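Taken in order, these protein sequences are the chains called L and R. Here the first sequence is numbered in this note's numbering, starting from 1 and rising by one per residue. Here the second sequence is numbered in this note's numbering, starting from 104 and rising by one per residue. We put the CB at the ideal spot given by N, CA and C, even for glycine. A quick note: this is a predicted structure, and the numbers were derived from the prediction, not measured. Data first, discussion second: the structure below is written as structure tokens.
Protein chains: 2
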Amino acid sequence: MTERSFLHPGAEEIALPDLLFALSDPTRLAVVAALADGAERSCGELGGDVPKSTMSHHFKILREAGLTRARPEGTRCRLTLRRAELERRFPGMLDAILKHAGK
Amino acid sequence: MTERSFLHPGAEEIALPDLLFALSDPTRLAVVAALADGAERSCGELGGDVPKSTMSHHFKILREAGLTRARPEGTRCRLTLRRAELERRFPGMLDAILKHAGK
DNA sequence: GGCTATGTTCTATAGCTCTCGAACATCAGA
DNA sequence: TCTGATGTTCGAGAGCTATAGAACATAGCC
Chain L
1 MTERSFLHPG AEEIALPDLL FALSDPTRLA VVAALADGAE RSCGELGGDV PKSTMSHHFK
61 ILREAGLTRA RPEGTRCRLT LRRAELERRF PGMLDAILKH AGK
Chain R
104 MTERSFLHPG AEEIALPDLL FALSDPTRLA VVAALADGAE RSCGELGGDV PKSTMSHHFK
164 ILREAGLTRA RPEGTRCRLT LRRAELERRF PGMLDAILKH AGK
């Protein structure tokens with residue numbers, strides 16, 4: 001991690017179009033679906049066989065859209081879904097979408 | 104209308120990433136929100152001050168994503184939201200999103 | 001200090017998206 | 001049939017996005 005902490009938008013700054021755009025990519029939607037159980041995961045666990053630089057790009061988009069929160073831990077980067085905040089700002093929406101992830 | 108009828112995906116072909124992408128543009132999201140009451144509207148009513156060719160492009164994306172149904176009527180083109188079909192394929196999702204349109 | 005693991009950033013490239021003027025197609029009405 | 005209204009399609013330009021290799025940064029461990 002070159003920077004100690006990542007940029008995350010505040011809950012009130014999260015914009016619906018940005019959220020939907022971030023979720024409109026199958027790779028990113030899969031990442032969010034994998035985080036849906038609330039557990040914290042490292043980037044490596046979420047990448048599959050996609051190159052790291054490509055995944056890093058997707059992680060950045062998810063983070064800046066306000067979907068995920070990134071926390072550096074050693075040389076790793078741990079990700080969580082910002083479930084509670086998203087639920088407060090867009091009640092019911094994330095669940096309604098994730099229920100259909102995979103379609 | 105140069106072609107008598109437009110291409111619409113069947114309900115089963117509608118893909119979630121395509122839906123989310125179509126909704127991730129503020130102009131298109133506004134169109135969908137305007138159609139949310141179930142009423143049929145012509146393209147002209149939905150355009151605002153955006154050039155017609157630009158709107159036509161957005162209408163095409165909405166249509167091909169499976170969100171709207173286009174019906175030629177005279178020289179006009181009438182649009183409706185494919186609410187029932189979308190509700191059957193992605194229960195609760197569209198409402199959950201439209202509830203927050205504008206944010 | 002050297003080595004390895006984990007990610008990020010940089011750079012490049014190909015392809016896509018948005019926008020919009022111009023030309024075209026279709027229909028209704030006078 | 002001519003005209004106006006309504007949209008679509010075509011073409012071009014600017015900007016963005018996805019992908020991925022290469023270089024770099026950081027932390028843990030020997």
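| Check | Outcome |
| --- | --- |
| Proximity winner among R:Gly151, R:Met196 and R:Asp152, relative to Ile120 of chain R (alpha-carbon distances) | In the sequence as presented, Ile is not what sits at residue 120 of chain R; that position holds Pro. Answer by Cα proximity: R:Met196. |
| Touching by the beta-carbon criterion (3+ pairs, under 8 Å), the region 76-95 of chain L and the region 125-145 of chain R | no |
| Three-way DSSP call (helix, strand, coil) for Ser108 of chain R in this model | coil |
| Assumed close pair Phe6 of chain L, Ala70 of chain L - CB separation to whole angstroms, cut-off 8 Å | 5 Å |
| DSSP three-state assignment for Pro105 of chain L, whether helix, strand or coil | Examination of residue 105 of chain L is not possible in this model, given that chain L is present from 1 through 103 alone. |
| Local Cβ density within 10 Å of Val50 of chain L, reported as buried at 16 or more and exposed below that | exposed |
| Cutoff 8 Å; reference Glu13 of chain L; Cβ partners in own chain excluding five residues on either side | Gly66 |
| Residue-level contact to chain L via CB, Lys86 of chain R, 8 Å cutoff | Residue 86 of chain R cannot be examined here, being either before or after the span of chain R that is shown, 104 to 206. |
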